[in-house]
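One structure is given below, encoded as structure tokens.
There are 2 protein chains.
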Amino acid sequence: MNKLSTLTERQREILRFIYNEIKNSQLPPSLREIASHFGFASVGSVQDHLKALVQKGFIKISEKKSRAIEIIKENIFSIPIIGTVQAGLPTLAVENIDEYLNLDDLIFSNMDVFGLRVKGDSMINAGIMPLDLVIVRQQSVAEAGEIVVALQGEEATVKYLKKTNGQYFLEPANPKYHSIPLTSEFSIIGIVLTVIRKLGK
Amino acid sequence: MNKLSTLTERQREILRFIYNEIKNSQLPPSLREIASHFGFASVGSVQDHLKALVQKGFIKISEKKSRAIEIIKENIFSIPIIGTVQAGLPTLAVENIDEYLNLDDLIFSNMDVFGLRVKGDSMINAGIMPLDLVIVRQQSVAEAGEIVVALQGEEATVKYLKKTNGQYFLEPANPKYHSIPLTSEFSIIGIVLTVIRKLGK
DNA sequence: AATAATACTATACAGATGTACGGTATGTCA
DNA sequence: TGACATACCGTACATCTGTATAGTATTATT
């Protein structure tokens, strides 16, 4: 597996610059633009670095096309997830990787998606804490059992959608709060796809 | 606002092609690549269409830069995080975006980071549920209060690190379980940076 | 009927760009 | 020591690319 740590400091800087250019201006840089950014007097320097990045499996370059630097996402935008922990840590065994977290899918997704910062503790027993970030897919219909984002006036709440005797309820995951019948003053604006919580550092 | 309906059939085709190229290959097409795709024998045709698209406000072109076609619209490369929800949804107001979800800081950092699938419910009151994915920074030391990943044999557990009377404990966030003194049979392999839970879809 | 916008072809050119080759210097590793 | 990777400079060149200009034909618009 290609690890970012196999790159030199300089190579990582170049890769980061390319990534940022693509992300910010949606346009990969030309060789001379890279040279200019790093103060190189020669394009040959850039050629060397790109050659190394290609060889180490982090980028792909189409021949005879300008700016055709493609970042190989699988090698960069993923974090190895280990299924069983071995005693051999901190040397991560490649064989233990059983899936990859691809954050890029989320970022580059074409779904109508937005993030919402959670207020309050009404979903605490579902593992959704105050200040958590929930990624929401915009949709006006939902099924019972799903965690939905409902709008009442300008107030957005995250709740379970529940159905009892044909009646829909917004149900909190906290005994402190009560279920609320889903009346016309509410509108469902999406369902929760992902919960993200950033801790230390 | 600029409506897509002000475009002609052909102009809409061109715009869609440009959009798809950027989205799929992360590389805007050159004029001749556009011409080739539509079977134009001349670049002048493309020039005309791009000129119209610029004039109607759908794209922006940087002069003297190859492939520098930028689509003016929502930024497809990031997820807007809305602080307060307006009644106007599902049309996301740009003014409400107060921050962007940025996961690449984590990825591009020099830290040695891996993911771990959580087993068991011992941290359920800290909002860490079974099958959650925790992103862990590898390090052998931690401070009291941090959520750590400890290794006992080949078993990895996620717990709070607590200090009482100079003695360290691994403390679960679930009254069902007890605190465990941090003895030599345990080794701390990292601290939890992020908690991620994928739900629906 | 006149004008403008649309939709193309054709050609020319400066400069932007990728590519190739060679060179220097430094540090790393066996 | 020698081989090798890294990290730069310098130069040359074919071609890719944007830009400009000119022309033809069709369709809308006034």
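Each protein sequence line maps, in turn, to chains Y and U. Position in the first sequence (first residue = 1) + 2 = this note's numbering. Position in the second sequence (first residue = 1) + 2 = this note's numbering. Even glycine gets a Cβ: it sits at the ideal position worked out from N, Cα and C.
| Asked | Found |
| --- | --- |
| If we ignore side chains and look at the alpha-carbon of each, how far apart do I130 (chain U) and I61 (chain Y) end up? | 36 Å |
| For a contact defined as C-beta to C-beta under 7 Å, what are the partners of R69 (chain U) on chain Y? | L29, S68 and R69 |
| Which word fits E65 (chain Y), buried or exposed, when buried means at least 16 other C-beta atoms lie within 10 angstroms of its C-beta? | exposed |
| Inspect the beta-carbon positions of Q154 (chain U) and E187 (chain U) and report whether they are closer than 8 Å. | yes |
| Relative to the C-alpha of P177 (chain Y), which residue among Y:D123, Y:V143, Y:D50 and Y:V136 is closest? | Y:D123 |
| Less than 8 Å separating the beta-carbons of V194 (chain U) and L133 (chain Y)? | no |
| My output table needs one value for A137 (chain U): the three-state DSSP class, helix, strand or coil. | It is worth fixing the name first, because residue 137 (chain U) is Ile in this sequence and not Ala. Note: I137 (chain U) maps to strand in three-state DSSP. |
| Decide if A158 (chain U) is buried, meaning its Cβ has at least 16 other Cβ atoms within 10 Å, or exposed. | buried |
| Determine the direct distance from the alpha carbon of A144 (chain U) to that of H180 (chain U), and round the result to whole angstroms. | 20 Å |
| Here's a check: name, in chain order, each residue in its chain whose Cβ is nearer than 8 Å to the Cβ of A128 (chain U), leaving out the five neighbours to either side. | I149, Y162 and A175 |
| Between I24 (chain U) and chain Y, is there a C-beta pair that is closer than 8 Å? | yes |
| Residues in the segment 113-130 of chain U with C-beta within 9 Å of chain Y's C-beta atoms, listed in sequence order? | M113, D114, V115, F116, G117, L118, R119, I126, N127, A128, G129 and I130 |
| So the candidates are Y:G41, Y:K67, Y:T10 and Y:T8; which of them puts its Cα closest to the Cα of P30 (chain Y)? | Y:K67 |
| Buried or exposed: A37 (chain Y), going by 16 or more other Cβ atoms within 10 Å of its Cβ? | buried |
| For T10 (chain U), does the count of other Cβ atoms within 10 angstroms reach 16, so buried, or fall short, so exposed? | exposed |
| Under DSSP, the beta strand (DSSP E) around L153 (chain U) begins and ends at which residues? | I149 to Q154 |
| What does E72 (chain Y) reach in chain U if we use C-beta pairs closer than 8 Å? | S27, Q28 and L29 |
| Along the chain, where does the beta strand (DSSP E) that runs through A158 (chain Y) open and close? | E157 to T166 |
| I'd like to know whether the C-beta of F19 (chain Y) is nearer than 8 Å to at least one C-beta of chain U. | no |
| Which of the three DSSP states, helix, strand or coil, is assigned to L17 (chain U)? | helix |
| Are the C-beta atoms of I149 (chain Y) and some chain U residue less than 8 Å apart? | yes |
| Using a Cβ-Cβ distance under 8 Å, would S32 (chain U) count as near chain Y? | yes |
| Quick one: which unbroken beta strand (DSSP E) runs of 3-plus residues sit fully inside the segment 23-80 of chain U? Chain order, please. | 61-63 and 71-73 |
| Compute the Euclidean distance between the alpha carbons of I109 (chain Y) and K25 (chain U), then round it to the nearest angstrom. | Unreliable positioning characterises I109 (chain Y) in this predicted model, as indicated by a pLDDT of 40, which lies under 50. The coordinate reading is nonetheless provided below. Distance between the alpha carbons of I109 (chain Y) and K25 (chain U) is about 12 Å. |
| Per DSSP, what kind of secondary structure is I126 (chain U) in: helix, strand or coil? | helix |
| Beta strand (DSSP E) containing T196 (chain U): first to last residue? | F188 to K200 |
| For G147 (chain Y) and I126 (chain U), I'd like the C-alpha separation in whole angstroms. | 20 Å |
| State buried or exposed for L168 (chain Y), treating a residue as buried only when at least 16 other CB atoms are found within 10 Å of its CB. | Contrary to the premise, residue 168 (chain Y) reads as Gly rather than Leu in this sequence. Exposed: under 16 other Cβ atoms inside 10 Å. |
| When DSSP labels each residue in this structure, what does E173 (chain U) get in the three-state scheme? | strand |
| Under 8 Å, do K53 (chain Y) and T8 (chain Y) count as touching if we go by C-beta distance? | no |
| Short of 8 Å in beta carbon distance, which residues of its chain neighbour V138 (chain Y), apart from the five on each side in sequence? Order them along the chain. | V115, F116, G117, L118, V151, I191, G192, I193, V194 and L195 |
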